[in-house]
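*Asks:* Sharing a structure here in structure tokens format.
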Ligand code: PMP
């Protein structure tokens, strides 16, 4: 996949520059130690024809918090960076796009002044990151990182080596994606998405603690409340998950995507008849600012 070409414009520290000409310091500690923070955001062409960034405030609140948790000095307002995102979309003639802000550091180990931090924002056109079809998922041999060894609620670059290892393992073994457990062996999340399942008309998802509390996860929880779908946040094992009627991943890049099977065991309900499908369509309607008519989705 080519993320940019010679005409692509990105935001770097208040300036709009060509991606192909932008520079970074090879001695920077972000490159050496993964000491950087990023976000993943989507812009949609909404029902009114306007391009809107979905939950931009929430993403930049998390961006700030991610930086603060690892003591990266943060000196931006949401407004400033959201304006920069829209400008990047406009300068690249993009409507539906994935937006990637990245906060990174120069080669100064102590970082005393906020001015020493860099922020870049780029965007690229990206379809559903895990595809549209149902996923064959395997329980990863990699656990999610120890919450006592790292600020796991910080969307920090270095943490994603864990995600890369888990996805690589799954793909090498012929699966589409991995599912990672926490230190106690409870289900945590996917490498880049949160997990939900449906059982007997109820939706269940792990509570905050060993997961990145996703913004899409929060949206799905809101949709359950609006649609009167009972929802529980609690710990569960893969044994329980395998008895579910359906399961799905959700995240900004993945949106809502159904699971076909876990470790080769298929979920009980056809996706088309699941609450997962209802929530998938409700999510799509929400990001596009369309009315959602639940009766349009047939659930057996
Ligand atoms: N978990 C992990 C580990 C992630 O990287 C992501 C993607 N940011 C998510 C969950 C989903 O988060 P969001 O819905 O905010 O994109």
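Residue numbers (the working numbering): 16 to 315. Glycine included, every Cβ here is placed at the ideal spot set by N, Cα and C. Quick caveat: nothing in here was measured; it's all calculated off a predicted structure.
Give the DSSP bridge partners of residue 135, in chain order.
*Replies:* Here residue 135 is taken as the residue at index 120 of the chain shown, counted from 1. Answer by DSSP bridge pairing, in chain order: 27 and 117.
*Asks:* What does a CB cutoff of less than 6 Å around residue 219 pick up in its chain, not counting 5 residues either side in sequence?
*Replies:* Position 204 of the chain shown, counting from 1, holds the residue named residue 219. Taken in chain order, the residues that qualify are 212 and 247.
*Asks:* Skipping 5 residues on each side, what residues in its chain have a beta carbon closer than 6 Å to that of residue 34?
*Replies:* On the chain shown, residue 34 is found 19 positions in, with the first residue counted as 1. Only 19, 23 and 25 meet the Cβ criterion.
*Asks:* Using only alpha-carbon positions, find the residue among 27, 200 and 112 that is nearest to residue 38.
*Replies:* As a first step, residue 38 must be located in the chain shown, where it is residue number 23. Nearest option by C-alpha distance: 27.
*Asks:* What does the Cβ neighbour count give for residue 278, buried or exposed, with the cut at 16 atoms within 10 Å?
*Replies:* Taking the chain shown and counting its residues from 1, the one referred to as residue 278 is at position 263. Residue 278 should be labelled exposed.
*Asks:* Indicate whether the contact test is met: 3 or more Cβ pairs, each with one atom in the stretch 229-238 and one in the stretch 194-210, closer than 8 Å.
*Replies:* Cβ pair count under 8 Å is three or more, so yes.
*Asks:* Compute the Euclidean distance between the alpha carbons of residue 189 and residue 183, then round it to the nearest angstrom.
*Replies:* Start at 1 with the first residue of the chain shown, and residue 189 comes out as number 174. Start at 1 with the first residue of the chain shown, and residue 183 comes out as number 168. Residue 189 and residue 183: Cα-Cα distance of roughly 10 Å.
*Asks:* Does the count of Cβ pairs from the stretch 149-161 and the stretch 102-119 closer than 8 Å reach three?
*Replies:* No, the stretch 149-161 does not touch the stretch 102-119.
*Asks:* Pick helix, strand or coil for residue 276, following the three-state DSSP scheme.
*Replies:* On the chain shown, position 261 is the one that residue 276 refers to. Residue state, collapsed to three classes: strand.
*Asks:* In whole angstroms, what is the alpha-carbon distance linking residue 254 and residue 148?
*Replies:* The residue given as residue 254 occupies position 239 in the chain shown. The residue given as residue 148 occupies position 133 in the chain shown. Residue 254 and residue 148: Cα-Cα distance of roughly 24 Å.
*Asks:* Could you tell me if the beta carbon of residue 184 falls within a distance shorter than 6 Å of some heavy atom in ligand 1?
*Replies:* Position 169 of the chain shown, counted from the start, is the residue given in the question as residue 184. Result no, Cβ not under 6 Å from ligand 1.
*Asks:* Judging by CA-CA distance, which residue of 210, 171 and 44 is the nearest neighbour of residue 269?
*Replies:* Reading the chain shown from its first residue, position 254 is the one you call residue 269. Nearest of 210, 171 and 44 to residue 269, Cα basis: 210.
*Asks:* If you scan the stretch 159-238 from start to end, which runs of the beta strand (DSSP E) of 3 or more residues do you find wholly inside it?
*Replies:* Qualifying beta strand (DSSP E) stretches, in chain order: 192-196, 202-204, 209-214 and 217-220.
*Asks:* Is any heavy atom of ligand 1 found at a distance shorter than 6 Å from the C-beta of residue 204?
*Replies:* On the chain shown, position 189 is the one that residue 204 refers to. Answer for residue 204: yes, Cβ within range of ligand 1.
*Asks:* Report the three-state DSSP secondary structure of residue 97 (helix, strand or coil).
*Replies:* Residue numbering aside, residue 97 sits at position 82 when the chain shown is read from its first letter. The answer is helix: DSSP assigns residue 97 an H, G or I state.
*Asks:* Provide the residue(s) that pair with residue 247 in DSSP beta bridges, ordered along the chain.
*Replies:* The residue you call residue 247 lines up with position 232 of the chain shown. Paired residues: 219.
*Asks:* Leaving out five residues on either side along the sequence, give the residues of the same chain with a beta carbon under 8 Å from the beta carbon of residue 129.
*Replies:* Here residue 129 refers to the residue found at position 114 when the chain shown is read from its first residue. Its pLDDT being 48, under 50, residue 129 is placed unreliably by the model, and the measurement read from it follows with that caveat. Cβ within range, chain order: 88, 89 and 90.
*Asks:* Closest to residue 132 by CA distance: which of 65, 186, 40 and 181 is it?
*Replies:* By one-based count along the chain shown, residue 132 stands at place 117. Closest option to residue 132, Cα to Cα, is 40.
*Asks:* Can you look up residue 297 in the DSSP assignment and give me helix, strand or coil?
*Replies:* To locate residue 297, count along the chain shown from 1; it is residue 282. Three-state DSSP puts residue 297 in a helix.
*Asks:* So what's residue 155 in DSSP terms, helix, strand or just coil?
*Replies:* The sequence position of residue 155 within the chain shown is 140, counting from 1. Residue state, collapsed to three classes: strand.
*Asks:* Following a CB-centred definition, is residue 291 positioned closer than 6 Å to any heavy atom of ligand 1?
*Replies:* Taking the chain shown and counting its residues from 1, the one referred to as residue 291 is at position 276. For ligand 1, not one heavy atom lies less than 6 Å from the Cβ of residue 291.
*Asks:* State whether the stretch 193-200 contacts the stretch 235-245, with contact taken as three or more CB pairs (one from each stretch) at a distance under 8 Å.
*Replies:* Judged by Cβ distances under 8 Å, the stretch 193-200 makes no contact with the stretch 235-245, as fewer than three pairs qualify.
*Asks:* For residue 216, count neighbouring C-beta atoms within 10 Å of its own C-beta (all shown protein chains included) and say buried if the count is 16 or more, exposed if not.
*Replies:* In the chain shown, the residue the question calls residue 216 occupies position 201. Its Cβ having fewer than 16 others within 10 Å, residue 216 is exposed.
*Asks:* Give the straight-line distance between the Cα atoms of residue 58 and residue 185, rounded to the nearest whole angstrom.
*Replies:* Translated into the one-based positions of the chain shown, residue 58 becomes position 43. Translated into the one-based positions of the chain shown, residue 185 becomes position 170. Their Cα atoms are separated by approximately 29 Å.
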